Amino acid sequence: MGGTSSTRRVTFEADENENITVVKGIRLSENVIDRMKETSPSGSKSQRYSGAYGASVSDEELKRRVAEELALEQAKKESESQKRLKQSKELDRERAFANEQLTRAILRERISSEEERAKAKHLVSVKDVVEMSCLQGNL
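Just so we're aligned, residue 1 is where the sequence shown starts under UniProt numbering, counting upward by one.
Structure below.
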C-alpha cells in the first residue's frame with residue numbers, strides 16, 4: 001500500500017515575455033502557490049520571474065519548492081496509507097475476536113440443546129418403563 005509511487009512528467013517553461021513560469025503536470029493549492037511566491041535570498045544568477053505580488057522567484061528556487069511540496073504530499077499520502085493499514089489490521093483483529101466469541105456461544109448453545117434432548121429422551125424412557133410396570137401391575 002505505502003510503497004506505490006507514480007511517475008509524473010513535470011515541465012517548467014516561461015511564457016513568451018518571460019514574465020510567468022508555467023509549471024505543467026502538477027496541481028498546486030493556493031497555499032502552495034503563495035508560499036512559492038514568498039521572497040527568499042538566492043545568490044543564483046538564473047532567470048527570475050515576478051509573481052502576482054511582486055515577489056521574485058528563480059527557476060532553481062521554484063523547482064526546489066515544487067519538489068519539496070511534492071515530497072511533502074507524498075509523505076502525507078504514505079502516512080495516511082499507513083494509518084489506514086493500521087486501522088484495517090485492528091478491525092481485522094476485532095472481527096476475528098468477535099467471530100471466535102460467536103462460535104463459542106453457538107457451541108455452548110448446541111451442547112445445551114443436546115443435553116436437553118438427552119434429558120427429554122431419558123424422561124420418555126423412564127415414563128415408558130413406569131407405564132409398562134403399571135400395566136403389568138408391578139407398581
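Here a beta-carbon is modelled for each residue, glycine too, at the ideal position from N, C-alpha and C.
Every value quoted in this text rests on a predicted model; they were computed, and no experiment measured them.
Residue 29 - DSSP class collapsed to helix/strand/coil: Three-state result, residue 29: coil.
Those runs of the beta strand (DSSP E) which lie wholly inside the stretch 60–108 and span at least 3 residues: The DSSP assignment places no complete run of the beta strand (DSSP E) inside the stretch 60–108 (cut-off: 3 residues).
Cβ separation of residue 159 and residue 80, assumed to be a contact under 8 Å, to the nearest whole Å: The structure shown does not extend to residue 159, since the chain is modelled only from 1 to 139, so the question has no answer here.
Beta-carbon separation (whole angstroms), residue 72 vs residue 36, contact threshold 8 Å: In fact, because the Cβ distance is near 13 Å, the residues do not count as touching under 8 Å.
Residue 52 burial status per 10 Å Cβ neighbour count (16 or more: buried): With a pLDDT of 46 at residue 52, under the threshold of 50, the modelled position of this residue cannot be trusted, and the question is left open.
Cβ distance (whole Å) where residue 26 is taken to contact residue 66 below 8 Å: Right, the Cβ-Cβ distance comes to about 6 Å (below 8 Å), so this counts as a contact.
Nearest-angstrom Cα separation, counted from residue 85 out to residue 60: Each residue's Cα considered, the two are about 37 Å apart.
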